[in-house]
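Residue numbers (my numbering), protein chains in the order written: chain A, 1 to 437; chain B, 438 to 874; chain C, 875 to 1311; chain D, 1312 to 1748. Even glycine gets a Cβ: it sits at the ideal position worked out from N, Cα and C.
There are 4 protein chains.
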Amino acid sequence: MEDDPLTRLEDIIPKHMLARGKITLDAVLAPIKDLLNRRQFPKKAWSESQVELLLRLLSLMDTDKDPEAARVGEREARIISPLLERLSAGFCHGVGRSGHLTAPQPKAVGASQMQFLANQVALSALKKLGIPNIRAASVLPLSTGMAIALSFAAMRRERGVSRVLYPRIDHTSPKRGIELAGLETIPVNTTLDDDAVIVDMSDLERKMSADGIAVLATTTFFPPRESDPVKEISKMCAEADIPLLINNAYGVQSERVMSSIRSAIDAGRVDIIVQSSDKNFLTPVGGSIIASPDGAIIEQVAETYAGRATAAPIVQTLSAMLLIGLERYTELRDKQKSNLSFLKEQLESIAGKVGQRILDVENPVAIALTLNGLNVTGVGAKLYNQRVTGPRAVRSGDQGSCIDDYPHSYITMNAAIGARRKDIEKATIKLYKVLCS
Amino acid sequence: MEDDPLTRLEDIIPKHMLARGKITLDAVLAPIKDLLNRRQFPKKAWSESQVELLLRLLSLMDTDKDPEAARVGEREARIISPLLERLSAGFCHGVGRSGHLTAPQPKAVGASQMQFLANQVALSALKKLGIPNIRAASVLPLSTGMAIALSFAAMRRERGVSRVLYPRIDHTSPKRGIELAGLETIPVNTTLDDDAVIVDMSDLERKMSADGIAVLATTTFFPPRESDPVKEISKMCAEADIPLLINNAYGVQSERVMSSIRSAIDAGRVDIIVQSSDKNFLTPVGGSIIASPDGAIIEQVAETYAGRATAAPIVQTLSAMLLIGLERYTELRDKQKSNLSFLKEQLESIAGKVGQRILDVENPVAIALTLNGLNVTGVGAKLYNQRVTGPRAVRSGDQGSCIDDYPHSYITMNAAIGARRKDIEKATIKLYKVLCS
Amino acid sequence: MEDDPLTRLEDIIPKHMLARGKITLDAVLAPIKDLLNRRQFPKKAWSESQVELLLRLLSLMDTDKDPEAARVGEREARIISPLLERLSAGFCHGVGRSGHLTAPQPKAVGASQMQFLANQVALSALKKLGIPNIRAASVLPLSTGMAIALSFAAMRRERGVSRVLYPRIDHTSPKRGIELAGLETIPVNTTLDDDAVIVDMSDLERKMSADGIAVLATTTFFPPRESDPVKEISKMCAEADIPLLINNAYGVQSERVMSSIRSAIDAGRVDIIVQSSDKNFLTPVGGSIIASPDGAIIEQVAETYAGRATAAPIVQTLSAMLLIGLERYTELRDKQKSNLSFLKEQLESIAGKVGQRILDVENPVAIALTLNGLNVTGVGAKLYNQRVTGPRAVRSGDQGSCIDDYPHSYITMNAAIGARRKDIEKATIKLYKVLCS
Amino acid sequence: MEDDPLTRLEDIIPKHMLARGKITLDAVLAPIKDLLNRRQFPKKAWSESQVELLLRLLSLMDTDKDPEAARVGEREARIISPLLERLSAGFCHGVGRSGHLTAPQPKAVGASQMQFLANQVALSALKKLGIPNIRAASVLPLSTGMAIALSFAAMRRERGVSRVLYPRIDHTSPKRGIELAGLETIPVNTTLDDDAVIVDMSDLERKMSADGIAVLATTTFFPPRESDPVKEISKMCAEADIPLLINNAYGVQSERVMSSIRSAIDAGRVDIIVQSSDKNFLTPVGGSIIASPDGAIIEQVAETYAGRATAAPIVQTLSAMLLIGLERYTELRDKQKSNLSFLKEQLESIAGKVGQRILDVENPVAIALTLNGLNVTGVGAKLYNQRVTGPRAVRSGDQGSCIDDYPHSYITMNAAIGARRKDIEKATIKLYKVLCS
């Protein structure tokens, strides 16, 4: 019957049309093939269709999709209903092998490749976005705080680290991470530099003489806290042969921050750089990316996760990177900078009207306005009820300023990557109303 | 215009039909309302539509869905493309608050409720499936090994635990978990009881006198290893005032195992019971459930995760539990038992033909067939290539038997919950062919 | 960088695993390749993943997916939001070319292939399900009534048909179809054969002498109406050189009905056979399948649709046929037969208790129980309110029995393909309660 | 257990947070509630989440979703697999009742409401977009050509129309529509007005004296054809008491065209206005919208569809209208106008370079450039291969110009609603290259 002239495709659809269809399909598939071959952060953003096709082709390589497989293990990615396949983008086997997060999983060859691609694309992205001098990266299905935990646990196991010098940041997660790994946090003092709160380098230096030490430096936090001088610290770490972990939570969006890390790597010793996937690459919350100039340490961290993990944050991070690409990321960065300028103008204008001022602090995404003499908690609560999310209102002297007795009360607002001008406009208008009421 | 008779719904669709539509909608919504009110593991399985509707309604309460919100934080669940909303079932904010996994997140009220429901349904499910004497449960977005890590880290912080007595199990993940948390593993010997490998209770007792001790007992592992006698151990722990964590990785499917844990709780001291979500509830790999007769310890473990986490494994676990329900779980358990009998028959028949025998070991899901005198590695490799996944072929004396110098080589196969009779049929036929070739 | 040993896939994932992944992917893709090559109704049911992959690959050949296309027509399958791509399974261009439903569309090569596959698979399915002596088939994005309209409009244009002899069926749609096409319906009388209502063959014969005549015969309708004797009619049509259209609305499920059509084709003249896609192949409502021993007439009908049409019913019908396959269809047919027996038993049992009886009528899916002396309308309304859908309650002498003055009141229930035993159980229990109340 | 303090939501999630979640949910649901109450084309565009939630809530009212239903009809929206539910957005029952497309379907109350909403929103949209003087509208799951067929079939049945005066348009679909309905097309001549081809009004007037006549006027076609003067024609129709159908295929995007129809309604007699849903509202191909100042005729057309129809094009059209909304539609119209200017500039610039000229024809979306003395077919084929879709290259004197012996060869390009400036840029650059090669 196949030879019946009525049933032959070529007799129904003319050849030049079939050729045209092939051209479109090839154009759609080209970035996918290129990714599989070269594993680079793409220049041009992918379409959703392309991402979905990649994920499907990969997930169809896992054994749970094999119609001929006989599955007699206790864990076989069996699912109760197809909805769960959709909820996991088809990666029902998760990623990793017991006790090694990036080890290929024999039952999940597709997931293993997906994870491999995610790691390679993350490496390529970070290189192209400002730190070309790294050699390895890994997307972890964990928060940045947990990535810090795994990193220090690996350093404990492999390098005998038992204590972490931590220039003061008033943020719970990193401390919890250090604690989870069973290490001790040794706080390093901060000091006031006009409005800005900065690390006290002499205190850091003094404390570096202890045994079993590593350093945790931070590039991004709320004003009045400024970034730690990572280049200077990396030099000190190199001299003292002390591991340095940089918490670069949302620093990828900032060319300046990335440039400082690049210099730090060139000038001294940087062991691991940790960044959030959602704050930098606009994915749902839940993943992080660790990177290093040294491939071995990244592997060691991967060997610290105890079991097989959810593939979801890795799928989401890979997808987001492909859906952005370098050109669009550059546009997003430009937008972020112009939004930050706009936020500054708006807050300056409010400051003038209500008799406050902008704190003179260098920060890549946030601006702080003083709230001296005002009911700070009330301002925060009112903004929450007015549907403004994300501002931080801190009372003079309270926890949050990363120093004891900070002399100002203030509120911070962010113009982070992905925010819209409209967000800033609305938020500042509402702030003004709250301050006037 | 609203009053124009042409445009009134009632004039177009007769009242009795609208009433009929309402009846259907109410019937579909009834389980959702019941869940929100009573938070119980449902008796009847939900449909995919119902689960999707629940997830959508909840995720629409998160601030990133608020069309009027002004979002000026550095983390606002901004996503680059709607595909990421689908990949995260709408829970772009993840779960938890920095350093507290189950703390409600002000920006993500929907995700907070989703997580709360997941925890409550998990609690209800475990109660109904055999351990009614627990008081709290929590679904973690982490492997069971990581759940063990967080549990011991919480015990270290709250109860001064520093060393874990671990009756020998040849499995990497739990050890990695203990290590990640910065505790020391003290192996407890096993001993041979005919074919079976069991914990050496006298060795355990001897080692319990040390300081800063907790015990990690195991209910499910491959034969020839048998379950640890958790009731006896819990009594000893109660007497000695030592915390006990039970790794119940895939024990929920077994009424006998669940019953033994129930007795252990009643008779002595059980602090935490850890179980896999995928191995017991047929979700994609990536989550685990911790439970306890004591609510406080569950909270303490939740406070050990460093940051905000991916919601995906929690969404998947909640969905799977709703898609199963008690009645279907009971059916699945019955099927598992009959599959296990079938597996035993098949292997016994093969044993007779090839001059081997079944190991006489009590195990809720697995059977082991001796491979004495055969090329064990070759058998495993051939089965992998023949698309049989999950069997374990172990050479006499090799790592894997949980004892030094186990006298038999053997292969194990599982008839776990969710497996089909066809899997077992195919796998044993192929095994027979491999053994005859 | 591609040569960096850290970044090569083969170094990360062992070769034998990659080979295993390829085996799974090949196994998943094999039915897709086979479909593209042989275009047959598959023996084995496809998985949802396979269907979705096929649809995606095809839809990615349409020009609206071409990233390099410059689209300057007035109709370019532009969509306002990706949701619409999902709602149309990616076939935004629809199917057909103005005024020819199956003509390949230069902008939509993928949709053209999808439609071609749908038509070929439908042809193959109908052949394998009982009418091997057809030569062409086409899935129309229209109801069976509209398919009748297009068929007769094509017969008018091509063969000068202006009037349709229609053995009486009390159903609006076919009559509307004939009317839409601008033809005149000439009713043919029915007659009583004990309980059964059958066509009056002598009246049919008498009326066949007129000019410009075609015949519309029916194989499936509610009892007491029986199927028209299509073999006898087709012989008469052959002799008189009159076109015959068989409305086989839900006859594909019945081997007996299909066999009678096969004989009709062999014995005489059958021009077109029309069937519903949803009633026979368990798709959503909206499509139909026309088939013929003569390819030309199918093309002529396709040239009767005025414009480009929605692809949705065609995509749904193709998907449903692939998701069923021959083996599962055979199982569904067996189930249908046993459900019909069960329905008969249930109704007989009720009949005995309430003093009614089963009408002695041959029907492939339905049974009728007399309701003599009862409030027929009340019974129907009560069942609707009790959530029983699909029964027909007809008063003696009323429209619906396909004859004037049918002597019994009755209710019909169906055990159609895809129904569950539970449906029949519930419906008959409720009927019994209604009859007793 | 419900009273256990550990399990109460309020104890877990603070009240002010729950209130905040409710605010977001209410904000998301507000447009849905508003739609159900007021059934208006929304001012603001909906999000995909909102549309999906609306569709789900409605589709959950159909009886196939009722877990308690006993379904014993031959057509019960049974589907073989959940994929088909997704492919039909849940509306497995389709729309309509046999022989009445907009009649409420007792088994599908949700689909009936969905369809009702689609019709009302379409009415509201057309009113707000330029023809406030209509009273009813209906979204048909059929092409515009089929809508014309149904319209004329209804006019034949209800008003004795048997022939259609059709000012010449070289387009197959409308003629096929008239033919399908069994009516005769009487062509009305066109005439040349400088470059433009326009209807010969005297010929139209002359032919209007015949019996059983209706008129089909056209507002949108390719240059050199200009829109028919619908106001003048509607006056003539009013005087002669002749039905007028306006084929407004892609005229909604044009304020000028809509204004002319408004005047035509006010000044004379307009029975039905037909428009494409995809060309005007950026949905996938497959639906159309009919509108009228007279509600009765819209109902009569709906009663002409023979059977129950696919819901897909109606769901898609409703979704698209909600995803656009009035504000965004206005933006799209503005963009269309500026794109048209840009297209004109580009083509004028090419014309100057290659010695051709722009035809002086009024057209809301298209511009024509002469190709005198060139290989017209070659130009078209080359552009197709260069991935330019949608231009029409017509040789002097060929079919396509809507007049015999049109003196110019030419190519048309469109700047239709939804096109991107980039499309026009690429297409004109490629055209220039082709003309120079």
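For the pair residue 1562 of chain D and residue 1586 of chain D, the CB atoms are nearer than the 8 Å cut-off. Under the 8 Å Cβ criterion, the region 760-768 of chain B does not count as touching the region 609-628 of chain B, having fewer than three qualifying pairs. Beta-bridge pairing by DSSP links residue 389 of chain A to B:508. Each residue's CA atom was taken as its position, placing residue 299 of chain A and residue 347 of chain A some 45 Å apart. Membership of residue 329 of chain A in the alpha helix (DSSP H) is indicated by the continuous run 312-354.
For the set B:664, B:709, B:528, the Cα lying nearest the Cα of residue 691 of chain B is the one of B:664. Taken atom to atom, the span from the alpha-carbon of residue 1577 of chain D to that of residue 1531 of chain D is near 20 Å.
With the rule of 3 Cβ pairs closer than 8 Å, the region 1616-1633 of chain D does not count as touching the region 1220-1239 of chain C. Taking a beta-carbon distance threshold of 8 Å, residue 1306 of chain C does not count as an interface residue toward chain D. Residues of chain C with a Cβ closer than 7 Å to the Cβ of residue 1390 of chain D are, in chain order, 1156, 1157, 1158.
In the three-state DSSP reduction, residue 1141 of chain C falls in the helix class (H, G or I).
DSSP places residue 574 of chain B in the uninterrupted beta strand (DSSP E) bounded by 573-577. Relative to the Cα of residue 1520 of chain D, the nearest Cα in the group D:1377, D:1554, D:1729 belongs to D:1554. Per DSSP, the unbroken alpha helix (DSSP H) holding residue 1739 of chain D starts and ends at 1732-1747. Classified as exposed, residue 1307 of chain C has fewer than 16 neighbouring CB atoms from the shown chains inside 10 Å of its CB.
When the Cα atoms are used, residue 723 of chain B and residue 822 of chain B turn out to be separated by approximately 26 Å.
CA-CA distance, residue 459 of chain B to residue 1211 of chain C, rounds to 34 Å. In the three-state reduction of the DSSP assignment, residue 811 of chain B falls in the coil class, being assigned neither a helical nor a strand state.
In this structure the region 947-962 of chain C does not lie against the region 53-73 of chain A, because fewer than three pairs of beta carbons, one per stretch, are closer than 8 Å. The beta carbons of residue 401 of chain A and residue 109 of chain A sit no closer together than 8 Å. Under the DSSP assignment, residue 851 of chain B falls outside any alpha helix (DSSP H), being part of the beta strand (DSSP E) whose first and last residues are 847-851. Taking 3 residues as the shortest admissible run, the region 187-260 of chain A contains the following complete beta strand (DSSP E) segments, listed from N- to C-terminal end: 190-193, 196-199, 213-218, 244-247. One alpha carbon belongs to residue 1735 of chain D, the other to residue 1378 of chain D, and they sit about 53 Å apart. Here residue 308 of chain A carries a coil assignment [DSSP, helix/strand/coil].
Scanning its chain for C-beta atoms nearer than 7 Å, with the 5 sequence neighbours on each side dropped, one finds around residue 1029 of chain C the residues 1035, 1088, 1117, in chain order.
Rounded to whole angstroms, residue 931 of chain C and residue 45 of chain A show a C-alpha spacing of 20 Å. Each residue's CA atom was taken as its position, placing residue 627 of chain B and residue 831 of chain B some 17 Å apart. Nearest CB-CB separation between residue 1311 of chain C and chain D: not below the 8 Å threshold.
In terms of Cα proximity to residue 976 of chain C, the closest of C:1175, C:1017, C:1037 is C:1175. Residue range 546-565 is occupied by the alpha helix (DSSP H) that includes residue 552 of chain B. The DSSP-derived three-state label of residue 621 of chain B is strand. For residue 1147 of chain C, the enclosing beta strand (DSSP E) starts and ends at 1146-1150.
In the three-state scheme derived from DSSP, where H, G and I count as helix and E and B as strand, residue 537 of chain B is classed as strand.
C-alpha of residue 1581 of chain D to C-alpha of residue 1600 of chain D: approximately 15 Å in a straight line. Across the structure, residue 365 of chain A and residue 474 of chain B are spaced so that their CA atoms are roughly 42 Å apart. Listed by position along chain B, the residues whose Cβ is nearer than 7 Å to that of residue 309 of chain A are 580, 723.
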